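These notes concern the structure reproduced below.
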């Protein structure tokens with residue numbers, strides 16, 4: 021049983037790592053109150069990812085059906101663009117929650133979170 | 021019934037648009053012999069697209085499970101990069117088959133295919 | 021005379037906007053002590069930008085000399101990549117100085133700086 | 021003395037590599053008549069590159085003047101985008117001249133030119 025499942029069945033506190041990367045202690049009652057980088061946008065992020073998954077599956081069907089290369093390429097570019105948009109949304113949430121909180125706390129955690137964010141931005145820019 | 025399905029059931033010639041965008045006449049017997057931009061790499065392209073579809077589904081599960089933003093972003097960048105690689109493979113096939121053939125044929129078809137390829141490259145570079 | 025020039029000639033305090041976007045008060049004596057987003061990396065950033073300027077000028081000479089398209093394209097890709105690297109360095113400095121400070125200060129300034137940083141990241145990712 | 025300089029002083033034929041990568045024989049009189057990938061757009065390409073060079077120099081001055089990071093980043097993104105546009109223009113010319121001609125000629129030259137074009141596109145997409 022995963023920690024999150026345990027929390028759903030008991031009120032005993034469990035230690036989980038939140039979306040901000042902090043270990044947080046939560047119980048069934050406080051579940052969801054932890055610091056969540058993309059907490060508010062979770063439903064929107066999931067909806068967009070499911071649409072992208074559908075786009076990729078549609079591209080597979082285009083290739084299976086020997087559809088014209090250029091049309092396949094157009095759909096791939098659209099999916100790439102959509103993935104980048106979702107990444108920018110997540111990054112904005114991450115800066116506004118995790119990085120903001122870490123910067124306010126200061127110290128090594130702030131250094132670490134800022135270095136991590138820079139790394140993620142670089143990977144995205146170069147992807 | 022789609023043309024490709026018709027061809028599967030009868031030997032009567034059908035007119036379909038091949039992956040190079042040319043209308044080609046094929047029958048059940050010649051099916052697959054038409055000019056196919058990504059014909060040789062079709063299995064490879066499909067395998068890569070299915071892997072990307074799996075990556076996107078895994079990213080959805082990460083978000084559902086409130087996994088750390090930075091880890092989610094790393095996976096999105098990897099998927100974006102994989103999509104671009106598949107696009108570059110398709111584009112290389114397209115240049116080597118469709119564009120090469122159209123350029124050899126010359127005339128308006130050549131103009132059209134070259135303009136289309138440029139457009140697809142621009143969309144990819146800016147995606 | 022610009023504020024920065026005035027400060028060079030007199031010790032009277034002048035109000036300038038630092039690289040973090042805050043209005044800071046500085047005199048000839050304190051000049052350079054203000055919060056500078058890329059302060060530490062200023063020499064490195066300038067050296068890289070000058071190298072990129074030289075690369076672009078070399079590309080012009082290649083075109084003037086009718087050099088082979090593919091070689092020109094290779095150099096343009098290298099310059100694009102170098103510009104992105106300089107942007108990532110500036111962004112890292114910006115996050116570590118301006119955004120960190122604003123997040124620690126909290127309030128509207130934090131909101132504004134975080135929104136600005138997200139906007140800059142999005143422009144870079146889509147450029 | 022470079023071949024192009026020699027051609028400027030004498031009418032003796034010289035062997036130079038044109039912008040399409042073919043070795044062409046030209047004299048002072050025929051100079052400029054060779055197959056030029058970006059021949060028609062040469063003035064436009066040069067004008068754009070000079071504007072980009074000016075943009076990069078302006079960015080250096082912004083950094084020297086301790087201008088706000090975000091404003092510097094905005095200008096870098098604009099220059100990156102402008103460089104990509106110039107690359108897409110050159111690539112379009114290259115496909116329409118060099119690749120079209122090579123494909124029409126066929127054989128090994130066609131293979132080589134198409135492989136080169138794919139490589140240049142991949143570098144641009146990943147830059």
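Protein chains in written order, with the numbering used here: chain A, 21 to 147; chain B, 21 to 147; chain C, 21 to 147; chain D, 21 to 147. C-beta atoms are modelled at their ideal positions from N, C-alpha and C, and glycine is treated no differently. Please read these numbers as outputs of a predicted model, since none were measured by experiment.
Just to make sure I have the definition right: I need the residues of chain B whose C-beta is within less than 7 Å of the C-beta of residue i. Which are they?
{"i": "residue 57 of chain A", "result": "89"}
With residue i and residue j assumed to form a contact (beta carbons below 8 Å), what rounded beta-carbon distance in angstroms separates them?
{"i": "residue 140 of chain A", "j": "residue 103 of chain A", "result": "About 14 Å; that fails the 8 Å criterion."}
{"i": "residue 83 of chain D", "j": "residue 99 of chain D", "result": "Not quite, the Cβ-Cβ distance comes to about 13 Å (not below 8 Å), so this is no contact."}
{"i": "residue 119 of chain C", "j": "residue 137 of chain C", "result": "5 Å"}
{"i": "residue 97 of chain A", "j": "residue 143 of chain B", "result": "4 Å"}
{"i": "residue 122 of chain C", "j": "residue 133 of chain C", "result": "4 Å"}
{"i": "residue 113 of chain C", "j": "residue 61 of chain C", "result": "5 Å"}
The alpha helix (DSSP H) that contains residue i, what's its start and end?
{"i": "residue 89 of chain B", "result": "89-114"}
{"i": "residue 139 of chain D", "result": "127-146"}
{"i": "residue 119 of chain C", "result": "Residue 119 of chain C -> no alpha helix (DSSP H), and no H or E assigned at all."}
{"i": "residue 74 of chain A", "result": "62-84"}
Could you list which residues in chain C have their beta carbon closer than 7 Å to that of residue i, in chain order?
{"i": "residue 120 of chain A", "result": "123, 130, 134"}
Give me the chain D residues within the contact set of residue i, using Cβ-Cβ distance strictly less than 8 Å, ordered along the chain.
{"i": "residue 113 of chain C", "result": "89"}
Against residue i, what residues of chain A qualify as contacts under a CB-to-CB distance less than 7 Å, listed in chain order?
{"i": "residue 144 of chain C", "result": "145"}
Check this for me: beta carbons of residue i and residue j, under 8 Å apart or not?
{"i": "residue 88 of chain C", "j": "residue 39 of chain D", "result": "yes"}
{"i": "residue 79 of chain C", "j": "residue 92 of chain C", "result": "yes"}
{"i": "residue 65 of chain D", "j": "residue 109 of chain D", "result": "yes"}
{"i": "residue 129 of chain C", "j": "residue 145 of chain A", "result": "no"}
Which bits of chain C does residue i rub up against, with CB to CB less than 9 Å?
{"i": "residue 138 of chain A", "result": "108, 111, 112, 115, 116"}
{"i": "residue 62 of chain D", "result": "83, 84, 86"}
{"i": "residue 141 of chain A", "result": "108, 111, 112, 115, 141, 144, 145"}
Determine the chain B residues that contact residue i at a beta-carbon separation under 8 Å, and present them in chain order.
{"i": "residue 8 of chain D", "result": "The displayed coordinates of chain D run from 21 to 147. Any statement about residue 8 of chain D would go beyond what the structure contains."}
Pull out every residue of the segment 100-111 of chain C whose Cβ sits closer than 7 Å to any Cβ of chain E, in chain order.
Among the protein chains in the structure shown, which are A, B, C and D, there is no chain E.
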